[in-house]
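J.:
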Amino acid sequence: LAARVGTNVAAGDVNGDGVDEIITAPRDGGPYVRVFKKDGKAYGAGIWAFPRNARGSFDVAAGDVNGDGKDEIIVSKSEGKSTVKIFKYDAKKTLVKEFDALGSINVGVRVAAGDVDNDGKAEVIVGAGKGGDAIVRVFESNGKAKKIEFYAYAKGYRDGIDVAAGDTDGDGKAEIAVSKLGKQSLVKVFRYNKANKVLGEWTSYGAAAVGSYVAMGDIDSDGKAEVVTIAAEGGAPYVRGYEKNGVFKKSLNFYAYGKNARIGGDVAFGAF
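Here the sequence shown is numbered in my numbering, starting from 563 and rising by one per residue.
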């Protein structure tokens, strides 16, 4: 597949072998989702997540939504209608569920997956795209919204948000990290409950007028997830790591591509 469209990226164990695969979806192109091994070799056939003639930006996440030990692939439209689809990565690329995360609000969504209630199954987490208020919603695998939803930033901010999930305190329940995609790289980490307590808040790239994409994973093997960011469009591809309270991790601090690139990036965490 030769195309210059950029990609959104996720990682997940789609075959249950204990090793994560890399999953990509075009940022500006057709809705073709692909899976790769860590050496860059394609693993299995891709998924046309939406009609082949569809064009736009598509986000992707992975999580075990049914508790069978294999991660499903979650795909969303990042602009336009807020359609989310969940696929099994089996021979038929079975569509498990399709739903509209924001109803009639056509701003697209970014997606993540994480077990926010410690039931052994990942939930689907969405954050509103550009043009919508910064709402975060959580769904079961059947498309049913959980009762708790929240606005990550003040109403009126409408440049889009990214979302990630990870267990930052080792209690078996994933927290939710949210980042602004525009204006400034403000990141917040929320405990998912009725209070939606903010555990940490910081700007990943200081006063720079660029947003950031966000991921979560245990980068130091302490049993607790950290937060990883990369600058969004307009910024250099600068990857940084943080504790949930915003303390900078000096061990994770690098440019993924050339310092002079200003194309933005995406970031994911996996065990390869």
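C-beta: ideal position from N, C-alpha, C; glycine also.
A quick note: this is a predicted structure, and the numbers were derived from the prediction, not measured.
Thinking C-alpha only, which one of Gly578, Gly832, Thr730 and Lys821 is nearest Phe752?
T.: Position 190 of the sequence shown, counted from the start, is the residue given in the question as residue 752. Comparing Cα positions, the closest option is Thr730.
J.: Compute the Euclidean distance between the alpha carbons of Ala739 and Val698, then round it to the nearest angstrom.
T.: In the sequence shown, counting from the first residue as 1, residue 739 sits at position 177. In the sequence shown, counting from the first residue as 1, residue 698 sits at position 136. Straight-line Cα distance between these residues: approximately 10 Å.
J.: Closest to Phe816 by CA distance: which of Tyr767, Gly808, Ala787 and Ser783 is it?
T.: Residue mapping note: residue 816 aligns to position 254 of the sequence shown, counting from 1. Selected option, being the one with the closest Cα: Tyr767.
J.: Express the C-alpha separation of Ser703 and Gly691 in angstroms, rounding to a whole number.
T.: Here residue 691 is taken as the residue at index 129 of the sequence shown, counted from 1. Here residue 703 is taken as the residue at index 141 of the sequence shown, counted from 1. Going by the C-alpha atoms only, they are around 21 Å apart.
J.: Among all the DSSP beta bridges, which residues are the ones paired with Ser741?
T.: What you label residue 741 is simply residue 179 of the sequence shown in a count that begins at 1. Beta-bridge pairing links Ser741 to Asp724 and Val749.
J.: For the pair the stretch 660 to 667 and the stretch 606 to 618, tell me if three or more CB-CB distances fall below 8 Å.
T.: Not touching, per the Cβ criterion.
J.: Distance, Cα to Cα, Lys632 vs Gly625?
T.: Counting from 1 along the sequence shown, the entry for residue 632 is found at position 70. Counting from 1 along the sequence shown, the entry for residue 625 is found at position 63. Approximately 8 Å, taken between the alpha carbons.
J.: For a minimum of 3 consecutive residues, which ranges assigned as the beta strand (DSSP E) are wholly contained in the stretch 610 to 682?
T.: Fully enclosed beta strand (DSSP E) runs of 3 or longer: 620 to 625, 634 to 639, 645 to 649, 657 to 662 and 671 to 676.
J.: Please report the straight-line C-alpha distance between Glu641 and Phe810, rounded to a whole angstrom.
T.: Start at 1 with the first residue of the sequence shown, and residue 641 comes out as number 79. Start at 1 with the first residue of the sequence shown, and residue 810 comes out as number 248. Looking at the two C-alpha atoms, the distance is approximately 32 Å.
J.: Between the Cα of Asn577 and the Cα atoms of Lys655, Asp621, Pro593 and Lys647, which residue gives the shortest distance?
T.: Position 15 of the sequence shown, counting from 1, holds the residue named residue 577. Looking at the Cα atoms, Lys655 is the closest of the given residues.
J.: Taking Cβ positions, are Ala572 and Ala736 nearer each other than 9 Å?
T.: By one-based count along the sequence shown, residue 572 stands at place 10. By one-based count along the sequence shown, residue 736 stands at place 174. No, the Cβ-Cβ distance between Ala572 and Ala736 is not below 9 Å.
J.: Quick check on the DSSP output: the beta strand (DSSP E) that includes Ala818 runs from which residue to which?
T.: On the sequence shown, residue 818 is found 256 positions in, with the first residue counted as 1. Ala818 -> no beta strand (DSSP E), and no H or E assigned at all.
J.: When the Cα atoms are used, what is the spatial distance from Gly826 to Asn755?
T.: For the purposes of this step, residue 826 is taken as the residue at position 264 of the sequence shown. For the purposes of this step, residue 755 is taken as the residue at position 193 of the sequence shown. The straight-line gap from Cα to Cα measures roughly 32 Å.
J.: Taking all protein chains shown into account, decide if Glu711 is buried (16 or more other Cβ within 10 angstroms of its Cβ) or exposed.
T.: Sequence index remark: in the sequence shown, residue 711 carries index 149 (1-based). Looking at its Cβ environment, which holds fewer than 16 other Cβ atoms inside 10 Å, Glu711 is exposed.
J.: So the candidates are Ser666, Pro593 and Glu685; which of them puts its Cα closest to the Cα of Lys708?
T.: Residue mapping note: residue 708 aligns to position 146 of the sequence shown, counting from 1. Ranking Ser666, Pro593 and Glu685 by Cα distance to Lys708 puts Glu685 first.
J.: State yes or no: is the beta carbon of Ala623 nearer than 9 Å to at least one beta carbon in chain B?
T.: Here there is only one protein chain, and chain B is not present.
J.: Work out the CA separation of Ala674 and Ser741 for me, nearest whole Å.
T.: By 1-based counting over the sequence shown, the position of residue 741 is 179. By 1-based counting over the sequence shown, the position of residue 674 is 112. Near 13 Å, if we compare the C-alpha coordinates of Ala674 and Ser741.
J.: Label Leu563 either buried or exposed according to how many other C-beta atoms from any shown protein chain fall within 10 Å of its C-beta, with 16 as the threshold for buried.
T.: Working through the sequence shown from its first residue, we reach residue 563 at position 1. With a pLDDT of 42 at Leu563, under the threshold of 50, the predicted position of this residue should be treated as unreliable, and no value is reported.
J.: With H, G and I counted as helix, E and B as strand and the rest as coil, what does DSSP make of Leu563?
T.: Your numbering for residue 563 matches position 1 in the sequence shown. The pLDDT assigned to Leu563 is 42, lower than 50, so where the model puts this residue is not dependable; a value taken from the coordinates is nonetheless given after this. In this structure, Leu563 counts as coil in the three-state DSSP scheme.
J.: With Val595 and Ala607 assumed to form a contact (beta carbons below 8 Å), what rounded beta-carbon distance in angstroms separates them?
T.: The sequence position of residue 595 within the sequence shown is 33, counting from 1. The sequence position of residue 607 within the sequence shown is 45, counting from 1. Val595 to Ala607, Cβ: 10 Å. No contact.
J.: Expressed to the nearest angstrom, what Euclidean distance is found between the alpha-carbon atoms of Ala727 and Ile781?
T.: Against the sequence shown, residue 727 aligns to sequence position 165. Against the sequence shown, residue 781 aligns to sequence position 219. C-alpha separation (whole angstroms): 14 Å.
J.: Express the C-alpha separation of Ala696 and Gly722 in angstroms, rounding to a whole number.
T.: On the sequence shown, position 160 is the one that residue 722 refers to. On the sequence shown, position 134 is the one that residue 696 refers to. Between Gly722 and Ala696, the C-alpha separation is close to 7 Å.
J.: Taking Pro588 as part of the beta strand (DSSP E), name the residues at either end of that continuous run.
T.: Residue numbering aside, residue 588 sits at position 26 when the sequence shown is read from its first letter. Glu583 to Pro588 is the extent of the beta strand (DSSP E) around Pro588.
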